[in-house]
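For the sequence shown, our numbering gives the first residue as 515, with consecutive numbering after it. Data block below; observations after.
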Amino acid sequence: MARLNTFFLSPDEWPDAVGDTVVLSGPEARHMGTILRTGPDRTVRLFDGQGRDGLFKVVDVRKNRAELTAVELAEYPAPQAGMTLAIGWGKSKRRDYLLEKVVELGGDGVIFWQAARSQGSLPDDPKETWTEKYVQAAKQCGAVHLPFLKSVSGPAALIEKAAGFDRCYLAWEAEEATMSLSPAMLSKGRTLVVIGPEGGFDPDEARRFLDAGFAPVTLGSSILRWETAAAYCLSLAMYGKQDR
């Protein structure tokens, strides 16, 4: 069976039962009608990013509006284990790449934090465009859960967030980090991995994380760009889950 075109429907608009009618509007409707030229009677897939997806029959489609009827609905529980990346903020065009890989490689979420060597100031709240990147990646790879997105003001706020995780690691290029991060270390429970900004960790900043119980780990002999380090950690975590 050919792969069905997929579209995002907001969770608060999700149907209660098969046979219910839903309406797509805005960019998703334009994507369906204008770009993909999806006509009436076609079957498509919708998902809400919170574990629900289903098959829907197109009833009517216009430039900015599409009406569909639910044909088949499914719901998937949230994963009980996952890795969250805490990434030092920086001005970077490669952020979109990171957000795509977090979805495609099954990351649990991203926390951007204001580091001592951050370039620029971190927005108080995640931007809508970041979530849009999540949605685009999920449509491509078939994910049903969108990772969470958060912003925190600095190390103290991030350390406070760490209380909700089973294990916390500091991906550090210093000689003090002798233990290699491995798939097994990321395969169970909720794990937080902290990555520094483009300029790396400030020594005092790194010490605060270590004093708070974060275990220092190395990602190998190469000094990686932050988005490469993130993709490497995501790959280890995906492998660890598959190897359980």
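We put the CB at the ideal spot given by N, CA and C, even for glycine. As the structure is a prediction and not an experimental result, all values here were calculated from the model.
Secondary structure at T552: coil, using DSSP grouped into helix, strand and coil. Cβ-Cβ separation between T535 and T583: approximately 5 Å, consistent with a contact (criterion under 8 Å). The segment 570 to 584 makes no contact with the segment 596 to 613; the number of CB pairs closer than 8 Å stays below 3.
In the same chain as E527, and ignoring 5 residues on each side of it, the C-beta atoms closer than 7 Å to its own belong to V536, in chain order. Per DSSP, W644 is one residue of the alpha helix (DSSP H) stretching across 642 to 655. The secondary-structure analysis by DSSP pairs G754 with nothing; it has no beta-bridge partner. One alpha carbon belongs to M693, the other to F715, and they sit about 18 Å apart.
Scanning its chain for C-beta atoms nearer than 8 Å, with the 5 sequence neighbours on each side dropped, one finds around Q650 the residues E614, in chain order. If you draw a straight line from the Cα of L538 to the Cα of A685, it is about 42 Å long. L538 carries a strand assignment under DSSP once its states are collapsed to helix, strand and coil.
The C-beta distance from L672 to I625 rounds to 7 Å, short enough to meet the 8 Å contact threshold. The beta carbon of D639 lies closer than 7 Å to those of S665 in the same chain, with the five residues before and after it left out.
Just so you know, the alpha carbons of A743 and V731 end up roughly 12 Å apart. Using a 10 angstroms sphere on the CB of P711, the tally of other CB atoms reaches 16 or more, which defines it as buried. Annotation: the continuous beta strand (DSSP E) that includes D574 extends over 566 to 575. Every beta strand (DSSP E) stretch that sits fully inside the segment 652 to 712 and reaches 3 residues is listed by chain position as 662 to 666, 681 to 685, 704 to 709. Only residues of its own chain outside the window of five on either side were considered, and among them P669, A670, I673 have a CB closer than 8 Å to the CB of R722, listed in chain order. One alpha carbon belongs to L587, the other to R681, and they sit about 35 Å apart.
In this chain, L518 is not harboured by any alpha helix (DSSP H), its DSSP state being neither H nor E. Setting aside the 5 residues that flank it on each side, V617 is surrounded in the same chain by Y648, A651, A652, A657, each with a C-beta closer than 6 Å to its C-beta; the list follows chain order. DSSP, reduced to helix, strand and coil, places G547 within a helical segment of the structure shown. With a threshold of 16 other beta carbon atoms within 10 Å, D725 falls short and is exposed.
For A531, no pairing in a beta bridge is given by DSSP.
Remark: C-beta atoms of L695 and C655 do not approach each other more closely than 8 Å.
Under the three-state reduction of DSSP, W603 is assigned to coil, being neither helix nor strand.
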